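Counting from 228, one number per residue, gives the positions in the sequence shown under our numbering.
We put the beta carbon where it would ideally sit given N, CA and C, even for glycine.
None of the values given here were measured: they were computed from a predicted structure.
Report on the following structure.
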Amino acid sequence: MNETKHNLKIFTTVNEVRAFVREQKQAGKTIGLCPTMGALHEGHMTLMRAARKACDVVIASVFVNPVQFGPNEDYDKYPRQFDADCKKLAAEGVDAVFHPTPEEMYPAGYGTYITVENGITDVLCGARRPGHFRGVATVVTKLMNITQADKAFFGQKDAQQVAVVRRFVADLNIPVEVCMVPICREASGLARSSRNSYMTAEEKQAAVVLSRSLRKAKEAFEHGEHTAETLKTIVRAELETEPLAKIDYVDLYTYPALLPVDVIDEPCLLAIAVYIGKTRLIDNVILGD
Ligand code: AMP
C-alpha cells in the first residue's frame with residue numbers, strides 16, 4: 228500500500244482493500260464506490276463529489292477492464308495516466324483508490340461472468356458492442372463485493388450501464404444503492420469523456436453536434452412533440468449537418484426498462500452514438516423525467 232501526501236491510499240490487491248474496508252466498517256463508516264477506467268476528468272470528479280457528500284469513506288477504482296472491450300476496440304490504446312489520476316483523486320478528498328492488474332481481477336482459472344438477460348443489453352451499445360455489458364456487470368459485481376460499498380456512483384453519460392447495474396443489483400440482491408449522477412459537459416456542451424483525448428481540435432469542435440442535436444430534440448419535446456420517430460428525425464437531421472459525424476445509432480426507449488416506445492408518456496432515454504473521425508462518442512438525454 229502507498230500513501231500520497233494528501234492521504235489517498237493506493238491499493239493494488241483485493242486483500243488490501245478488504246483489510247481497509249473491514250477497518251472502516253468496524254468504525255461504523257459508510258462506503259461509497261466510484262468505478263472508473265481512469266484518465267480521470269471533471270465528469271469523474273462529479274461522481275467523487277457525490278460520493279463524498281453521501282458517504283463517510285470514498286473508494287475509487289481505476290481499472291481498464293479487458294473483459295468489457297471487444298476484440299477490435301480500443302483496449303490497448305485506452306489512455307492510462309494513473310499518477311495524474313491519483314493527484315486528482317487526492318485533491319478531491321477521495322480516501323482510497325483500487326488499481327488492480329488484470330491478473331488480480333481475473334487470475335488463471337477465472338470462469339464466472341454476469342449476464343443480464345431480460346433484453347436491456349440487446350439494444351443501444353449492448354447491440355453494437357457484444358459482450359460489453361457482460362464485462363461491465365462482471366467487474367462491477369466484483370468491485371461491489373470487494374469494497375462492500377453501501378452506495379455506488381455511476382454517470383448518466385452511460386445511462387444504459389446504469390440501467391444494467393440497477394437490474395443485476397436488484398436481481399442478485401446485492402446490498403448497495405446505485406446512484407446516478409448527471410452528465411458533466413464542457414462549456415461547448417460536449418459531454419466529458421476520456422475518449423475526447425483521441426480527437427483533434429477540429430474533431431472536438433465537430434463533436435459539439437452531439438449535444439446540440441439532443442438539445443434540439445429536448446426543446447421540441449418540451450414544446451409538445453412526443454412522437455419518438457419525429458424526435459429521432461430531429462436528432463438525425465442535426466447530426467447530418469456535420470460532415471465529420473457518422474451516426475452509429477439514434478434511438479429512443481423507455482427508461483430504465485429500455486422498451487420500444489412510439490409516443491412518450493413515461494420517462495424515456497434518447498440516446499446516440501456517433502463516430503467523429505475514428506472516435507466513437509455517446510450522449511443522451513432523459514425525456515419526461
Ligand atoms: P469511465 O471511466 O468512462 O468508465 O467512467 C466511469 C464513470 O464515470 C461511469 O459511471 C461514467 O458514466 C462516469 N462518467 C464518465 N464521464 C462522465 C460525464 N461526462 N459526466 C458524468 N459521469 C461521467
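Any non-hydrogen atom of the ligand AMP closer than 7 Å to His271 Cβ: Within the sequence shown, the letter at position 44 stands for residue 271. Checking every heavy atom of the ligand AMP against the Cβ of His271, one is found closer than 7 Å.
Where the alpha helix (DSSP H) containing Cys522 begins and where it ends: Residue 522 is absent from the structure shown; the chain starts at 228 and stops at 516.
For Arg361 and Tyr340, believed in contact at Cβ under 8 Å, the rounded distance: For the purposes of this step, residue 340 is identified with residue 113 of the sequence shown, where counting begins at 1. For the purposes of this step, residue 361 is identified with residue 134 of the sequence shown, where counting begins at 1. Correct: roughly 5 Å between the Cβ atoms.
Anticipated Cβ contact below 8 Å, Val285 with Asp310, distance rounded: One-based indexing of the sequence shown puts residue 285 at position 58. One-based indexing of the sequence shown puts residue 310 at position 83. The pair is not a contact, with the Cβ atoms about 19 Å apart (cut-off 8 Å).
Test item: CB-CB of Leu274 and Ala498 under 8 Å: Residue numbering aside, residue 274 sits at position 47 when the sequence shown is read from its first letter. Residue numbering aside, residue 498 sits at position 271 when the sequence shown is read from its first letter. No, the Cβ-Cβ distance between Leu274 and Ala498 is not below 8 Å.
Own chain, CB closer than 8 Å to Leu235, minus 5 neighbours either side, in chain order: Taking the first residue of the sequence shown as position 1, residue 235 is located at position 8. Contacts found: Cys313, Leu316, Ala317, Val321, Asp322, Ala323 and Val324.
Burial state of Glu182 (16 or more Cβ within 10 Å): As displayed, the chain neither begins before 228 nor continues past 516, which places residue 182 out of reach and without an answer.
Asn423, buried or exposed, once every other Cβ within 10 Å from all chains shown has been counted against 16: For the purposes of this step, residue 423 is taken as the residue at position 196 of the sequence shown. With 16 or more Cβ atoms within 10 Å of its Cβ, Asn423 is classed as buried.
Buried/exposed call for Asn372, threshold 16 Cβ in 10 Å: Position 145 of the sequence shown, counted from the first residue, corresponds to residue 372. The residue is exposed, with fewer than 16 neighbouring Cβ atoms inside 10 Å.
C-beta contact flag for Cys282 and Gly265 at 8 Å: Residue 282 sits at position 55 when you count from the first residue of the sequence shown. Residue 265 sits at position 38 when you count from the first residue of the sequence shown. Cβ atoms of Cys282 and Gly265: not closer than 8 Å.
8 Å CB neighbourhood of Arg276 in its chain, flanking five on each side removed: Indexing the sequence shown from 1 puts residue 276 at position 49. Correct list, in chain order: Glu319.
Option in Gln387, His271, Asp510 and Thr239 with minimal Cα separation from Leu370: Along the sequence shown, read from residue 1 onward, the residue named residue 370 stands at position 143. Comparing Cα-Cα distances from Leu370 to each of Gln387, His271, Asp510 and Thr239, the minimum goes to Thr239.
Within 8 Å, strictly: CB atoms of Leu508 and Ala390: Counting from one through the sequence shown, the residue named residue 508 turns up at place 281. Counting from one through the sequence shown, the residue named residue 390 turns up at place 163. No.
Unbroken stretches of the beta strand (DSSP E), 3 residues or longer, contained in the segment 431 to 508: 472 to 481 and 495 to 503
In DSSP terms, what Lys378 is bridged to: One-based indexing of the sequence shown puts residue 378 at position 151. Beta-bridge pairing links Lys378 to Gly259 and Glu404.
Rounded straight-line distance, which links the Cα of Thr468 to that of Gln432: Residue mapping note: residue 432 aligns to position 205 of the sequence shown, counting from 1. Residue mapping note: residue 468 aligns to position 241 of the sequence shown, counting from 1. Answer to the nearest angstrom: the Cα atoms are 13 Å apart.
Of the listed residues Ile347, Ser440, Leu399 and Ile474, nearest to Leu458 (C-alpha basis): Position 231 of the sequence shown, counted from the first residue, corresponds to residue 458. Checking every option, the nearest Cα to that of Leu458 belongs to Ser440.
Ala390, enclosing alpha helix (DSSP H) - first and last residue: Taking the first residue of the sequence shown as 1, we reach residue 390 at position 163. Run containing Ala390: Ala386 to Asp398, per the alpha helix (DSSP H) assignment.
Assumed close pair Leu496, Ile513 - CB separation to whole angstroms, cut-off 8 Å: Within the sequence shown, residue 496 is the residue found at index 269, counting from 1. Within the sequence shown, residue 513 is the residue found at index 286, counting from 1. At roughly 6 Å, the Cβ-Cβ gap stays under 8 Å, so Leu496 and Ile513 are in contact.
Residue nearest to Ile410 in terms of C-alpha spacing, selected from Asp398, Ile401 and Ala386: Taking the sequence shown and counting its residues from 1, one reaches residue 410 at position 183. Comparing Cα-Cα distances from Ile410 to each of Asp398, Ile401 and Ala386, the minimum goes to Ala386.
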